[in-house]
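Notes follow the structure.
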Amino acid sequence: MGAPDLDTRPCGGKYGDIVRAIGNTPLVELKRISPKPGVRIWAKLESHNPTGSVKDRVARAMIEDAEAQGAIRPGQTILEPTSGNTGISLGMICSRKGYPLKVVMPDNVTAERTQLLQMYGAEVVYSPGEQGSNGAVAKALEMAEGDSTYYMPYQYGNQANPDAHYHGTAVEILEELDEVSAFVAGLGTGGTLMGNARRLKEEDPDTLIVAAEPLQGELVQGLRSLEDGFIPPIIDLAMLDRKIFVSNRDSVVWTKKLLAEEGLFVGVSSGAIASIAVRVAESLDEGNVVFVVCDDGWKYLSSGVYTKPIEELEETIETASFW
Amino acid sequence: MPTIKIPPVLRSSTAGEKEVHAEGENVGELLRALASQHPATEGQLFSDEGELNRYVNVYLNDEDVRVLGGLETGVQVDDTLVILPAMAGG
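Residue numbers (this note's numbering), protein chains in the order written: chain A, 2 to 324; chain B, 15 to 104.
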């Protein structure tokens, strides 16, 4: 008698290397948080990528694109600004492929992010936390200007970033769903939104593309002037139908709600994105709403957001950088 | 009267005020009213051509006005306008 069929088929593929195992993530229906019977909410679990975030797709695409162009070869130092996830993904991929990695990251991120980067052998350079990712971008650009031996993939301006979603994430969604009424993702570099929007709108121009973005605590808005604002060059606002901010407090509330009601252990930005997905679902009569779970919760455990009541998290909510 | 929330980076131009109330039928009129009350904000909010500066995000309640109707977006009396610098993630 042969082995019984696995209930979990398809298994997601068989690969000769962990870098090739990126993508093909599950799409899971969230019935409890759906506000209407005719509207189905689906979470694309990018947290199932090898390092636990959607950025594995982007990091692989950028490195392999640079390799294909002959812009890098093993031994060359890669430099990249990040709030954490892209750096961690690059850490894994660069360690596999033989590229030393240096990342610039705000100094107010959770300790887990530094540990993961160090675990993969990356060197971490810190930028002022109150300037958020904008400060990391500015510092990395300054470092690259002063040393031409660095190669900077620059996720904010690299077309390989949205292309990873155009050729990957969106295709996987369309393989599973006959129609997508709305797609909701977080706005960080714009790569997830732009790449998916382009592919999903090719399939159905009426698919709503909705961006969820963070309203940072005031202590994280430490820019010197509005001129220090930063809009990644890959973002084309014309691709978005709605762009909505979510406070850190609401993000944490929804992160806890996903855990309590759907058993999903996700990062704080995914709580924010889920809240917007539900809001969009309320405005529809029927159809599929897909949102992206960009990472899981492991990197944020030390912040206490999963275990402490919301009343005890006010300081964390004001000062932490979750995106 | 609509409320305009002032981000920390702009408060040195509003004498430290975190919220300003202003009259206006649309987003552009409200921001002009803010610039009229606090002239130091004008150069930060608007370009020489009178457009919203590239790195300034303005939200009507919580939605970005650039994805709504821009400066022409209509405003109701109990609405809140939130001004924020554009911040990246990743």
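We put the beta carbon where it would ideally sit given N, CA and C, even for glycine.
Query, Result
"Selected residue, minimal CA-CA separation from Ile34(A), among Trp43(A), Leu28(A), Thr26(A), Pro27(A)", "Trp43(A)"
"Own chain partners of Glu39(B) with C-beta closer than 7 Å, once the 5 adjacent residues on each side are dropped", "Gly88, Val89"
"Residue of Asp93(B), Phe60(B), Leu59(B) minimising C-alpha distance to His35(B)", "Asp93(B)"
"Where Val138(A) meets chain B, residues with beta-carbon distance less than 8 Å", "Ala102"
"Under the three-state DSSP convention, the category Glu214(A) falls into", "strand"
"Closer than 9 Å to chain B by CB, Asn343(A)", "No answer is possible for residue 343(A): it lies beyond the span of chain A, which begins at 2 and ends at 324."
"Counterpart residues of His35(B) in DSSP-defined beta bridges", "Thr17(B)"
"Selection from Pro82(A), Phe231(A), Pro234(A), Ala165(A) that minimises the alpha carbon distance to Ser128(A)", "Pro82(A)"
"N-terminal and C-terminal residue of the alpha helix (DSSP H) that Glu113(A) is part of", "112–120"
"Proximal residues, the segment 155–177 of chain A versus chain B, C-beta separation under 8 Å", "Gln156, Tyr157"
"Proximity below 9 Å, CB of Met29(A) to CB of Asn162(A)", "Here residue 29(A) turns out to be Val, not Met, going by the sequence shown. No; because the gap between Cβ atoms is not below 9 Å, this pair is not in contact."
"Candidates Glu262(A), Gly187(A), Asp242(A), Asn86(A): closest to Ile210(A) by CA position", "Asp242(A)"
"Closer than 8 Å at the beta carbon, the chain A residues around Asn40(B)", "Result: empty, since nearest Cβ-Cβ is about 18 Å, beyond 8 Å."
"Residue span of the beta strand (DSSP E) that contains Leu74(B), given as start and end", "70–74"
"Nearest candidate by alpha-carbon position, reference Tyr121(A), set Asp108(A), Met106(A), Pro101(A)", "Pro101(A)"
"Local conformation of Met144(A) per DSSP, three classes", "helix"
"Coarse secondary structure for Gln167(A), derived from DSSP in three states", "A small correction: the amino acid at residue 167(A) is Tyr; Gln does not occupy that position in the sequence shown. Three-state DSSP puts Tyr167(A) in a helix."
"Per-residue burial, Tyr16(A) [other beta carbons within 10 Å of its own, 16 or more giving buried]", "exposed"
"Beta-carbon proximity list for Ala297(A), same chain, < 7 Å, skipping 5 on both sides", "Correcting the residue identity first, residue 297(A) is Asp in this sequence and not Ala. Cβ within range, chain order: Ser48, Gly53, Phe266, Val267, Gly268."
"Partner residues on chain A for Gln58(B), Cβ-Cβ distance less than 9 Å", "Ser226, Leu227, Glu228"
"Nonlocal neighbours in the same chain, by C-beta distance under 7 Å from Pro36(A), ignoring five residues either side", "Val279, Ala282, Glu283"
"Cross-strand partners of Ser54(A) (DSSP beta bridge)", "Asp296(A)"
"Touch test, the segment 68–81 of chain A against the segment 89–106 of chain A, Cβ-Cβ under 8 Å, three pairs minimum", "yes"
"Which residues DSSP lists as bridging Ala183(A), in chain order", "Leu209(A), Val290(A)"
"DSSP state of Arg243(A) mapped onto helix, strand, coil", "strand"
"Beta-carbon proximity list for Thr28(B), same chain, < 7 Å, skipping 5 on both sides", "Ile20, Val34, His52, Thr55"
"Beta-carbon contacts of Leu44(B) that lie in its chain and below 7 Å, excluding the five residues immediately before and after", "Pro16, Ile18, Ala36, Gly38, Val89, Leu95"
"Residues of the segment 174–198 of chain A whose Cβ lies closer than 9 Å to any Cβ of chain B, in chain order", "Gly187, Leu188, Gly189, Thr190, Gly191, Gly192"
"Any 3 or more C-beta pairs closer than 8 Å across the segment 125–142 of chain A and the segment 200–209 of chain A", "no"
"Near-chain B residues of the segment 119–145 of chain A (beta-carbon distance less than 8 Å), N- to C-terminal order", "Gly133, Ser134, Asn135, Val138"
"Lys258(A), DSSP secondary structure in three states", "helix"
"CB of Lys45(A) within 9 Å of CB of Glu173(A), strictly", "yes"
"Proximity test, Cβ basis, 9 Å: Phe246(A) and chain B", "yes"
"Where the beta strand (DSSP E) through Lys103(A) begins and ends", "102–107"
"Whole-number beta carbon distance between Ile89(A) and Leu118(A), since they are thought to touch under 8 Å", "6 Å"
"For Arg41(A), the first and last residue of its enclosing beta strand (DSSP E)", "40–46"
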